[in-house]
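I have placed the structure first, in the form of structure tokens, so that the comments after it can refer back to it.
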Amino acid sequence: MASRLNAVQKDAEATKEALSHQLFEFQSQAQENQNILHAQLSELVDYIHRGRADKKGESGCRGLQQPSNVQVSSSAERTPTFAQRVEMAQRHIVHTVLDADAKRALLERQAAAERDRERRRREARMLKMRRRD
Numbered sequence: 001m002a003s004r005l006n007a008v009q010k011d012a013e014a015t016k017e018a019l020s021h022q023l024f025e026f027q028s029q030a031q032e033n034q035n036i037l038h039a040q041l042s043e044l045v046d047y048i049h050r051g052r053a054d055k056k057g058e059s060g061c062r063g064l065q066q067p068s069n070v071q072v073s074s075s076a077e078r079t080p081t082f083a084q085r086v087e088m089a090q091r092h093i094v095h096t097v098l099d100a101d102a103k104r105a106l107l108e109r110q111a112a113a114e115r116d117r118e119r120r121r122r123e124a125r126m127l128k129m130r131r132r133d
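In case it helps, full-length UniProt numbering puts the sequence shown at residues 1 to 133.
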């Protein structure tokens, strides 16, 4: 019974460690996304301010122009939203837990099969010893 409790405790600790690692990865990715958004927002603010500065000396209205140093990348279109990232992380955690449960169930079945084989071997040895007597 104690060994089973130890096995459950180790499994819980391993699951906790895996979830902690996934949370850390998620937080790192969220920070990276925040940095990207901050940079893009800064570029947008600079673009707006540059447009206003261009208009101050002119009587006509040209409208805002794309600054030459701003590059629109296609990666911005593929970046998932925060809600999508949360959903992806939740799915990943659920799959990890399900995989851990499946692995634990497999290990339990293998251990039960090994115990059954060992019991049969002992019974066969005992039967063999009784026949000799």
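Quick reminder that beta carbons are idealized off the backbone N, C-alpha and C, glycines included.
Neighbour flag for residue i against chain B, beta carbons, 7 Å
i   : result
V94 : As a matter of chain content, chain B is missing from the structure shown, which is built from one protein chain.
Residue i versus residue j - alpha carbon distance
i           : j    : result
R78         : A7   : 43 Å
A89         : F26  : 7 Å
L106        : F24  : 28 Å
R119        : E87  : 47 Å
M1          : I36  : 52 Å
residue 135 : K16  : One cannot answer for residue 135 here, as it falls past the ends of the chain, which runs 1 to 133.
R85         : E43  : 24 Å
R91         : P80  : 15 Å
E114        : R125 : 16 Å
Contacting residues, own chain, Cβ-Cβ under 8 Å from residue i (five flanking each side not counted)
i   : result
I93 : L19 and Q22
Neighbourhood of residue i by C-beta, 7 Å cutoff - its chain only, sequence neighbours within 5 removed
i    : result
T96  : A18 and Q22
R104 : D11
Delimiting residues of the alpha helix (DSSP H) encompassing residue i
i   : result
T79 : Premise fails: T79 is in no alpha helix (DSSP H) and is neither H nor E.
Among the options, the one whose alpha carbon lies nearest that of residue i
i    : options               : result
D101 : M1, A12 and R50       : A12
D99  : A39, S3, A14 and R117 : A14
F82  : L5, Q9 and Q31        : Q31
L5   : Q40, E108 and R122    : E108
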